[in-house]
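Enquirer:
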Ligand code: SAM
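Residue numbers (the working numbering): 1098 to 1389.
(1) Can you give the Cα-Cα distance for residue 1148 and residue 1361, rounded to whole angstroms?
(2) Let me make sure I understand the geometry here. Which of 1146, 1233 and 1280 has the alpha-carbon closest to that of residue 1256?
(3) Across which residues does DSSP place residue 1329 in a beta bridge pair?
(4) Would you kindly work out how many angstroms separate the C-alpha atoms of residue 1284 and residue 1218, rounded to a whole number?
(5) If we count Cβ pairs, one from each stretch, closer than 8 Å, do we get three or more for the segment 1227 to 1246 versus the segment 1206 to 1218?
(6) Taking just the CA atoms, how far does residue 1115 sit from residue 1193?
(7) Thinking residue 1243 and residue 1269 are a contact (beta carbons under 8 Å), I'd like their distance in whole angstroms, please.
(8) Please say whether residue 1332 and residue 1299 have beta carbons closer to each other than 9 Å?
(9) Sorted by chain position, which residues of the same chain lie with C-beta nearer than 7 Å to residue 1206's C-beta, five sequence neighbours on each side aside?
(10) Kindly indicate which residue of 1167, 1357 and 1121 has the alpha-carbon position closest to the one of residue 1223.
(11) Between residue 1336 and the rest of its own chain, which residues show a CB-CB distance below 6 Å, the 5 nearest in sequence each way excluded?
(12) Could you spell out the range, first to last residue, of the beta strand (DSSP E) harbouring residue 1117?
(13) Per the contact definition of three or more C-beta pairs closer than 8 Å, is the segment 1312 to 1331 in contact with the segment 1153 to 1171?
(14) Out of 1145, 1286, 1326 and 1191, point me to the one whose CA is closest to residue 1254's CA.
(15) With which residues is residue 1211 paired in a DSSP beta bridge?
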């Protein structure tokens, strides 16, 4: 079914020569803005990641503009074609398979080249899974850090996460469903237990949000087959509580050690405060050693 639009003649406009960075839907094809349609109809060609994916969107809107496949490692030939078209004062659009180009997607190199050459660039905003997931998560939205994809290599992922442990803002990750459980486990280890949300299949028929502590989410996803589709993982930042707890952390540890083992003390206090188990354990170990 084609989405109705104004008479094609009224949509024909003269675009200034340059690069148009056009956001496209992340699932629901209705999330394409009127301006995005106008730009996509009137550029000389559309640079896209996969002509089959973008072709579906163009078909839905009856847009007949030619496409050229482009990705970050495209041959110089493709980049040159885009840049020389812009140099001839043509308007060229760049889109990615879904969402906002350059956000964990190609486009950045091209934009840098356009800036270096003093070419006109314009962004047509629209959907991005990161922001859509964030606003649904119920985790603070006032400050956030977008991390994108963590490394798929276990050790590198651990290091990336341990580098985020003291960041006091909400953290946003893209993750593949098949790595979700191992990522949640590494997060618990490196960041401590925190509020989090798994937002899945955003804007699509089976959109789903699951909120809870990292521990609960880990246990839940461990007990079921890997979820289908695409997901964004939102995790609370380092909790302010830590600062308040810091001053009397030693006292809390000493009291707890009177009735609990080192291990249980660190697990419990880590859960309560968001301070990593490793840190609490190290402090508890130091406090439990007799002073010489
Ligand atoms: N440029 C895109 C954007 O602005 O959102 C992101 C592209 S990145 C290659 C693809 C990742 O984005 C997916 O693996 C998933 O983590 C997330 N994503 C994209 N669409 C999504 C959706 N509908 N629901 C949940 N996550 C989505």
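Glycine residues also receive a C-beta, built at the ideal position from the N, C-alpha and C atoms.
Expert: Reading off the structure:
(1) If you draw a straight line from the Cα of residue 1148 to the Cα of residue 1361, it comes to about 55 Å.
(2) Ranking the options by Cα distance to residue 1256, first place goes to 1280.
(3) Partner(s): 1271 and 1296.
(4) Residue 1284 and residue 1218: Cα-Cα distance of roughly 38 Å.
(5) Short answer: they don't touch.
(6) Roughly 17 Å separates the two Cα atoms.
(7) Indeed, because the Cβ distance is near 5 Å, the residues count as touching under 8 Å.
(8) Not closer than 9 Å, so no.
(9) Around residue 1206: 1169.
(10) Of 1167, 1357 and 1121, the residue nearest in Cα terms is 1121.
(11) The residues 1371, in chain order, have a CB closer than 6 Å to that of residue 1336 in the same chain once the five nearest residues on each side in sequence are set aside.
(12) For residue 1117, the enclosing beta strand (DSSP E) stretches over residues 1115 to 1119.
(13) Result no; under three Cβ-Cβ pairs closer than 8 Å.
(14) The option with the nearest alpha carbon to residue 1254 is 1286.
(15) Residue 1211 is not bridged to any residue.
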